[in-house]
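These protein sequence lines are chains U and V, in that order. Each residue of the first sequence is one higher than the last, beginning at 40 in our numbering. Each residue of the second sequence is one higher than the last, beginning at 40 in our numbering. Data block below; observations after.
Number of protein chains: 2
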Amino acid sequence: MITEREPAPPTVTVHDVARAAGVSQSAVSRAFTPGSSLSADKRELIIATADRLGYRPNPLARSLIRGRSNIIGVGVGNLANPFFVQTLQLLCDRLEKANLRVMLFSAASEGGAEPSIAEILQYRIDALVLLSVGLTSRLTEECRRAKVPIVLYNRTTSPLAGAPQDVSCVVGDNRTGARAIAAHLLGGQHKRLAFIAGTAESSTNAQREAGFTDYLAEQGFAPPLRESGHFNFEDAMAATRRLLLRPDRPDAIFCANDTMALAAITVARHEFGLDVGREISIAGYDDVPMAAWPCFALTSYSQPAAQMVSEVVRLVQALRTVPDAHEALVCPGNLVVRGTTRPPRVAP
Amino acid sequence: MITEREPAPPTVTVHDVARAAGVSQSAVSRAFTPGSSLSADKRELIIATADRLGYRPNPLARSLIRGRSNIIGVGVGNLANPFFVQTLQLLCDRLEKANLRVMLFSAASEGGAEPSIAEILQYRIDALVLLSVGLTSRLTEECRRAKVPIVLYNRTTSPLAGAPQDVSCVVGDNRTGARAIAAHLLGGQHKRLAFIAGTAESSTNAQREAGFTDYLAEQGFAPPLRESGHFNFEDAMAATRRLLLRPDRPDAIFCANDTMALAAITVARHEFGLDVGREISIAGYDDVPMAAWPCFALTSYSQPAAQMVSEVVRLVQALRTVPDAHEALVCPGNLVVRGTTRPPRVAP
DNA sequence: CTGAAAGCGCTAACAA
DNA sequence: TTGTTAGCGCTTTCAG
C-alpha cells in the first residue's frame, strides 16, 4: 500500500492531523516540540500522519505564542564592499543551516536604519545582526526595550572596545593588522607614508588608523599624511589625487579597506602613470577576492569572514537562550603580500 | 503639560490602548487599518494614545489572522556578480519604502533552495522574488499550492518565454543587447568571434547566445567559437585560456556577463600579453560598476537595474491584490562602448 | 504520558 | 460609526 499525499485542505492545521491520527491537538503540538514528553510510538504516528497530510507548523502562530520567532534581523549598510557581500552570503547560509530565518533590511546611511527597525523589532526577532552599520543610541534603546540582543559585525560600540556591554561584537584584529601593514611598508624602505581613512565614526577605521600610526611612531616615523576616502571608490580616487599632487608625494599608501586601495591603484597607474609596487606601494585591508586578480595583485590584510560569521551564528544561538550573554570577539587575520608593495629589503 | 511616554508594560497591546483611550479593541484595530470606517476624532485620539503608550500592532498576530504577512521572500543565488548585489540593495530599499519586509534566503546551487523554501512559504509571504535562481518544478508546485506568486528576476520560465504563465518575470532585452554587441564587434572588422557562455540552464544565457549567434548568421558569419564560463570568474579564465591557445585564435570575445569578461581581460592581458582593445576585443554584459574602472574600461550592455527593480516592486504589489496578474516584462538597456573593443571602422 | 481548556494579539463578521 | 463575539493556528499550564 502506497502512502500518498491526500488531497489536503488548502491549509493543514494541528486539528486536521489530530483528527486523522486520533489524538489530541496538544499531542500533535508536542510531536513537533523537541523537548516535550510524548511516547515514542505516538510521536512516530503523528509525524507520519502529518507528513501524509502535508502538515507543517505555522511559524506565525508559534511565534505569536512563544514570543520568539526564530527570525534574525540582519541590517546591511553599503554592499559596495565585497567583504560584506561575502559575509552576507555566508551568514545567510549558516543561519539557514541553524534553522533560523533572515529578515533583511538596509541601513544605507549611518543611523538611517531608524524608521524600519522598529517595524522589524515587532516580529519578535531573536537577535539583530548589523553588518557595516553603526549603532545609534536610539536603536540601542529600542532594542533594549524589546529585549532584542544586538550583534555588531566588524564594528565595536566604542572605538576603544572596553568590556562587553549590552551588545556583542565580532571584529577582526584591526590594530594588529594595521601594524603588520605598517611593518611591511617600512620593511620596503618607504619614508613618506600616507593613510586613506574610511568614515570618521567607524570604530574599524579608528582601530586601523591607530594601529598604523602607532607603529610608525614607535619606529620613529612622522605621522602619515592623511586623507579621507569614506570607504568608497570615488572618494578614495579623489583622496589619492590629492595625495599624489602634493610636493611631498607619499611613496606608500595604506587604505583602510580594499575598495579604496583599488581606487588608489587605478589613480596612481592611470592618472599618474606610476608603476605601482615599484614607484609607489599601496596596501589595503580585507583581502577581497578582487585583490587577488592579477591586474591588481593588491597587498592586503585578510579578514577571516567564514570564521567571523561562525562566531556570529554561535553568538546568536547563545543569546537566544541567555539574552545577556554578550561577548566581544576579536578574530585574527593575516597579511597577504602581493605585487602592489615593494618587498622588504633583505638584510645583507 | 508634556505628554511623556508612560512606563509601559513590556508589550503594549490593543487592550491597553483601548482601555487608556476608553474605546473598544476593535476601534483601536480599525485606527490602524487604512480602509476601515472610524470617525476622524476617534481615530486621532486612538493614534495619540497608542503613540503615548508606545503601541505598535503586532505583525505576527495580524499576519496570522489575515493570512498574509507583508513579507516578500527573496532568494538569491550567487552574489559574486555585482549586478545582483546592486539589485538586492535596490530591491531591499524599495520594498522597505513600500512597507514590505524582506525575508532573505540563499539558493546557491540551482535548485538548491528546496529545503528552506517550504519553511519560508509557511510565513504566508506575499510573493517570492528569485534573483539569479532557476525555477524547479517542485518549487513552482509548492508555491502554487501555497498560493504564493513567483517573480523571476533576470530569468524566464522557459528559455523561449512564451505567454506569461503562472509566474511573472522581469528581464532585460537580452536578444537585442546581444545583437547590439555583435553588430558593434563586426563594426570593428573582427572576423573570428567567440562566445563565452554562462550556465546551460539559464534562459538569460540562452537568449544572449541566440541573439549573438543569430546576428552573426544574418550577416553571413560562421557561428562563433564557444566555451563555457558558467558565469563565474575562475571558469571564465579557463575558458579564455582554451580560446586563446587555439591555432585559430579568436579576435573578439563576447562574454555572457561582465564578471566573465573581466576574467577574459585578465587572462588576455596578463597571461597572453595581448593589448585588449587593439589586438583583441572583449565585451561583456550587465555594465557592472567595475566595467567603468579605467583599468578595465569594458564595453558592455547596460541593464537598467533600477527600472527592473521598480517593475518587480510594482508587480509584487499588484500580485498582492490580484494573485494571478502575472506579467512578463522586458526592460531595454543600452550599449556602453569603452576601450576593450576596437571602434568601428568609419566609412570613408 | 496525555487531553481539555485557556489564551498569544489581533481582525472581521455581525449586530446594534 | 461602533462594540461584541468568535476565532487565526498554535502552545502550554493544569488536571488526570
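For every residue, glycine included, the Cβ atom is placed at its ideal position computed from N, Cα and C.
Compute the distance between the beta-carbons of V/VAL141 and V/ALA166, then report whether it is under 8 Å.
-> Here the question's residue 141 of chain V lines up with position 102 in the second sequence. Here the question's residue 166 of chain V lines up with position 127 in the second sequence. No, the Cβ-Cβ distance between V/VAL141 and V/ALA166 is not below 8 Å.
Look at the alpha carbon of V/SER320 and the alpha carbon of V/ALA302, and state the distance between them as a whole number of angstroms.
-> As a working mapping, residue 320 of chain V is identified with position 281 in the second sequence. As a working mapping, residue 302 of chain V is identified with position 263 in the second sequence. Answer to the nearest angstrom: the Cα atoms are 13 Å apart.
Beta carbon of U/LEU264 nearer than 8 Å to that of U/PRO289 | Position 225 of the first sequence, counted from the start, is the residue given in the question as residue 264 of chain U. Position 250 of the first sequence, counted from the start, is the residue given in the question as residue 289 of chain U. Yes, the Cβ-Cβ distance between U/LEU264 and U/PRO289 is below 8 Å.
At a cut of 8 Å, does the segment 243-254 of chain V reach the segment 271-278 of chain V through at least three beta carbon pairs?
-> With a cut-off of 8 Å on Cβ pairs, the segment 243-254 of chain V is not in contact with the segment 271-278 of chain V, counting fewer than three such pairs.
Measure from the alpha carbon of U/PRO96 to the alpha carbon of each residue in U/PHE123, U/ALA57, U/GLY116, then state which is nearest.
-> Within the first sequence, the letter at position 57 stands for residue 96 of chain U. For the set U/PHE123, U/ALA57, U/GLY116, the Cα lying nearest the Cα of U/PRO96 is the one of U/ALA57.
Is V/ASN213 close to chain U, meaning its C-beta is less than 8 Å from at least one C-beta of that chain?
-> Translated into positions along the second sequence, residue 213 of chain V becomes position 174. Not a single C-beta of chain U is nearer than 8 Å to the C-beta of V/ASN213.
Going along chain U, which residues have a C-beta under 9 Å from V/ALA126?
-> For the purposes of this step, residue 126 of chain V is identified with residue 87 of the second sequence, where counting begins at 1. Checking the sequence, you will find Thr at residue 126 of chain V rather than Ala. Proximity of chain U to V/THR126 at the Cβ level (cut-off 9 Å) is not reached, the minimal Cβ distance being about 10 Å.
So, does the CB of V/PHE311 fall closer than 8 Å to a CB anywhere in chain U?
-> For this step, residue 311 of chain V is matched to residue 272 along the second sequence. It does not: the Cβ of V/PHE311 has no partner Cβ on chain U nearer than 8 Å.
Note down, one range per segment and in chain order, each beta strand (DSSP E) of at least 3 residues found wholly within the segment 94-164 of chain V.
-> Here the runs fully enclosed are 110-115, 140-145.
U/THR42 versus U/LEU130 - alpha carbon distance = Start at 1 with the first residue of the first sequence, and residue 42 of chain U comes out as number 3. Start at 1 with the first residue of the first sequence, and residue 130 of chain U comes out as number 91. Only weak support is given to the placement of U/THR42: the predicted model assigns it a pLDDT of 47, under 50, and the value that follows is read from those uncertain coordinates. One C-alpha to the other measures close to 38 Å.
My understanding is that V/VAL348 touches V/THR195, with C-beta atoms under 8 Å, so please give their C-beta distance in whole angstroms.
-> Counted from its first residue, the second sequence places residue 348 of chain V at position 309. Counted from its first residue, the second sequence places residue 195 of chain V at position 156. At roughly 17 Å, the Cβ-Cβ gap does not stay under 8 Å, so V/VAL348 and V/THR195 are not in contact.
Measure the C-alpha to C-alpha separation of V/PRO198 and V/SER242 and round it to an integer number of angstroms.
-> Translated into the one-based positions of the second sequence, residue 198 of chain V becomes position 159. Translated into the one-based positions of the second sequence, residue 242 of chain V becomes position 203. Residue placement at V/PRO198 is flagged as unreliable, the pLDDT there being 46, under the threshold of 50; a coordinate-derived value is accordingly withheld.
What residue from V/VAL62, V/SER75, V/ARG280, V/TYR324 has the CA that sits closest to V/GLY372's CA?
-> The count along the second sequence starts at 1 and reaches residue 372 of chain V at position 333. Among V/VAL62, V/SER75, V/ARG280, V/TYR324, the Cα nearest to that of V/GLY372 is on V/TYR324.
What does V/SER102 reach in chain U if we use C-beta pairs closer than 7 Å?
-> As a working note, residue 102 of chain V is residue 63 in the second sequence. Under the 7 Å cutoff, chain U gives LEU99.
Would you kindly work out how many angstroms separate the C-alpha atoms of V/GLY18 and V/LEU225, rounded to a whole number?
-> Absent from the structure is residue 18 of chain V, since the part of chain V shown begins at 40 and ends at 387.
Can the beta-carbon of U/LEU134 be found closer than 8 Å to that of U/ILE111?
-> Within the first sequence, residue 134 of chain U is the residue found at index 95, counting from 1. Within the first sequence, residue 111 of chain U is the residue found at index 72, counting from 1. Taking C-beta atoms as the reference points, U/LEU134 and U/ILE111 count as a pair closer than 8 Å.
Taking the alpha-carbon positions, what's the V/LEU282 to U/CYS334 distance?
-> As a first step, residue 282 of chain V is located in the second sequence; it is residue number 243 there, counting from the start. As a first step, residue 334 of chain U is located in the first sequence; it is residue number 295 there, counting from the start. Roughly 20 Å separates the two Cα atoms.
For U/THR179, the nearest candidate out of U/ASP205, U/GLU257, U/ILE235, U/VAL352 (CA to CA) = Translated into positions along the first sequence, residue 179 of chain U becomes position 140. Of U/ASP205, U/GLU257, U/ILE235, U/VAL352, the residue nearest in Cα terms is U/ASP205.
What is the DSSP secondary structure of V/ALA261, counted as helix, strand or coil?
-> In the second sequence, the residue the question calls residue 261 of chain V occupies position 222. V/ALA261 carries a coil assignment under DSSP once its states are collapsed to helix, strand and coil.
Coil, strand or helix - V/THR175 by DSSP = The sequence position of residue 175 of chain V within the second sequence is 136, counting from 1. In the structure shown, V/THR175 sits in coil (DSSP, three-state: anything other than H, G, I, E or B).
Could you tell me which chain U residues have their CB closer than 7 Å to the CB of V/GLU135, listed as they occur along the chain?
-> As a first step, residue 135 of chain V must be located in the second sequence, where it is residue number 96. Ordered by position in chain U, the residues that pass the 7 Å Cβ test against V/GLU135 are PHE144, SER145, SER155.
Indicate the three-state DSSP secondary structure (helix, strand or coil) for U/GLY268 in the structure shown.
-> Working through the first sequence from its first residue, we reach residue 268 of chain U at position 229. U/GLY268: coil per DSSP, three-state reduction.
Looking at the structure shown, is U/CYS182 part of a helix, part of a strand, or coil, going by DSSP?
-> Working through the first sequence from its first residue, we reach residue 182 of chain U at position 143. The three-state reading of DSSP puts U/CYS182 in helix, counting H, G and I together.
On the premise that U/VAL172 lies in contact with U/VAL369, defined as a C-beta separation below 8 Å, what is that separation, rounded to the nearest angstrom?
-> As a working mapping, residue 369 of chain U is identified with position 330 in the first sequence. As a working mapping, residue 172 of chain U is identified with position 133 in the first sequence. About 19 Å separates the two Cβ atoms, so there is no contact after all.
Boundaries of the alpha helix (DSSP H) in which U/ILE304 is found, first to last residue | To locate residue 304 of chain U, count along the first sequence from 1; it is residue 265. Under the DSSP assignment, U/ILE304 falls in the alpha helix (DSSP H) whose first and last residues are 297-309.
In the structure shown, what three-state DSSP assignment does V/PHE71 receive?
-> Sequence index remark: in the second sequence, residue 71 of chain V carries index 32 (1-based). Correct three-state label for V/PHE71: coil.
In its own chain, which residues sit with a C-beta less than 7 Å from the C-beta of V/GLY378, not counting the 5 before and 5 after it?
-> The sequence position of residue 378 of chain V within the second sequence is 339, counting from 1. These residues qualify, in order along the chain: GLY316, ALA336.
Over what stretch of residues does the beta strand (DSSP E) that includes V/SER76 continue unbroken?
-> On the second sequence, residue 76 of chain V is found 37 positions in, with the first residue counted as 1. Per DSSP, V/SER76 lies in no beta strand (DSSP E) and is assigned neither H nor E.
What first and last residue would you give for the beta strand (DSSP E) that runs through U/VAL376?
-> As a working note, residue 376 of chain U is residue 337 in the first sequence. The continuous stretches of beta strand (DSSP E) do not include U/VAL376, and DSSP gives it neither H nor E.
First and last residue of the uninterrupted beta strand (DSSP E) at U/VAL51 | Stepping through the first sequence from its first residue, residue 51 of chain U is reached at position 12. Neither: U/VAL51 is in no beta strand (DSSP E) and is coded neither H nor E.
Between the Cα of U/THR175 and the Cα atoms of U/ILE164, U/ILE189, U/ARG163, U/TYR162, which residue gives the shortest distance?
-> The residue given as residue 175 of chain U occupies position 136 in the first sequence. Out of U/ILE164, U/ILE189, U/ARG163, U/TYR162, U/ILE189 has the C-alpha closest to the C-alpha of U/THR175.
What does U/TYR463 pair with, by DSSP beta-bridge criteria?
-> Nothing about residue 463 of chain U can be reported from this structure: the residues present for chain U run from 40 to 387 only.
In angstroms, rounded to a whole number, what distance separates the CA positions of V/THR52 and U/GLY74?
-> Within the second sequence, residue 52 of chain V is the residue found at index 13, counting from 1. Within the first sequence, residue 74 of chain U is the residue found at index 35, counting from 1. Distance between the alpha carbons of V/THR52 and U/GLY74: 30 Å.
Neighbouring residues, chain U, relative to V/CYS334 (Cβ below 9 Å) | Here residue 334 of chain V is taken as the residue at index 295 of the second sequence, counted from 1. Within 9 Å Cβ-Cβ: LEU301, ILE304, THR305, ARG308, HIS309, CYS334, PHE335.
Straight-line gap, V/HIS81 to V/ASN138 (C-alpha atoms, nearest Å) | Taking the second sequence and counting its residues from 1, the one referred to as residue 81 of chain V is at position 42. Taking the second sequence and counting its residues from 1, the one referred to as residue 138 of chain V is at position 99. First, the residue type needs correcting, since residue 81 of chain V is Lys and not His in the sequence shown. When rounded, the distance between both Cα atoms is 25 Å.
With 16 as the cutoff for other CB atoms within 10 Å, does U/GLU240 come out buried or exposed?
-> Within the first sequence, the letter at position 201 stands for residue 240 of chain U. With a 10 Å radius around the Cβ and a threshold of 16 neighbouring Cβ atoms, U/GLU240 comes out exposed.
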